[in-house]
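Q:
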Amino acid sequence: MRPLFKAERERARALSTTSRWDWDGLPGREAAAKRAQWAMFRAHLHESGELDVLVAFGVRAELAARGWDREWPVLPAQAKNPGRWPGTRDGGWPERVTVRLPAPLVGQVPAACWHTSEDAIGKLRDWRDKHPDMLPTKPFRYPAEDAALAEYEELAAQVTPAGDIWRAAVQRGIAAEPVIRERQAVAVDA
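Under my numbering, think of the first position of the sequence shown as 50, with each following residue one higher.
Shown next as structure tokens:
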């Protein structure tokens, strides 16, 4: 079974890097058209219930690609506090994507993100205590702040918010849609 799982991980990695829905680097009009097509395709998948299956596949593939497809300790209470974790950025999508996923998978994502980011989050909290007046997102900075802000950026890069995993899962799942559909057809024919 291990060779099969390894092959699946490699296939999922390849799919995630060759998405037919990638609009990075396209001229404005083409990128807008590609985004609109993607939104319509996603709406179709959602209405038909297929998006749930694709995102579940995408979550599993994303966790496997990061080496996070395992049991994690329970999410501590401090990780469930409202608001963003220290070090997280505004990198979301303008709209919500709602899917039905298995409960264990839903719990695995924030647990994996927290436990792999916990050390950096603690250090970022210490950083904020040490530099209470310094705002990493402030447009104007004094040269004396450069070293402290570089330290902040280095620590923030070690924090993985759950939203990063969910967004990657949607993209991986949709990119894998043709392969999954082909496998379903083969399974029905067998």
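We put the beta carbon where it would ideally sit given N, CA and C, even for glycine.
1) Pull up the CB-CB distance for V155 and V219, whole angstroms please, since I reckon it's below 8 Å.
2) Kindly confirm or deny that the segment 205-225 and the segment 150-164 touch, where touching means at least three C-beta pairs closer than 8 Å.
3) Quick test of your reading: A234 and G107, contact by CB under 8 Å. State the CB separation rounded to the nearest angstrom.
4) Do you know offhand how far A197's Cα is from M89's?
5) Which residue's Cα is closest to the Cα of I223: A105, G74, G136, G77?
6) Identify the continuous alpha helix (DSSP H) that holds V102 and give its terminal residues.
7) Below 8 Å, how does it come out for the segment 79-87 and the segment 180-199: are there three or more Cβ pairs, yes or no?
8) Go to P188, then tell me how far its alpha helix (DSSP H) extends in each direction, as first and last residue.
9) CB-CB under 6 Å to D101, same chain, minus the five flanking residues each way: which ones, in chain order?
10) Using beta-carbon positions only, say whether L173 and P135 come within less than 8 Å of one another.
11) Leaving out five residues before and five after G141 in sequence, what residues of the same chain have Cβ atoms less than 7 Å from its Cβ?
12) Given this structure, state the Cα-to-Cα distance separating W166 from P151, to the nearest angstrom.
A: Judging by the given coordinates:
1) Incorrect: roughly 14 Å between the Cβ atoms, too far for contact.
2) Taking a contact to require three or more Cβ pairs closer than 8 Å, the segment 205-225 and the segment 150-164 qualify as touching.
3) In fact, because the Cβ distance is near 20 Å, the residues do not count as touching under 8 Å.
4) Between the C-alpha atoms of A197 and M89 there is a straight-line separation of about 44 Å.
5) The option with the nearest alpha carbon to I223 is A105.
6) Following the DSSP letters along the chain, one finds V102 inside the alpha helix (DSSP H) bounded by residues 99-114.
7) The segment 79-87, when compared against the segment 180-199, does not touch it at the 8 Å Cβ threshold.
8) Annotation: P188 is outside any alpha helix (DSSP H) and is labelled neither H nor E by DSSP.
9) Around D101: V148, R149.
10) The beta carbons of L173 and P135 sit closer together than 8 Å.
11) If we look at G141 and ignore the five residues flanking it on each side, its Cβ neighbours are G212.
12) The sequence shown places Ser at residue 166, rather than the Trp named in the question. Between S166 and P151, the C-alpha separation is close to 24 Å.
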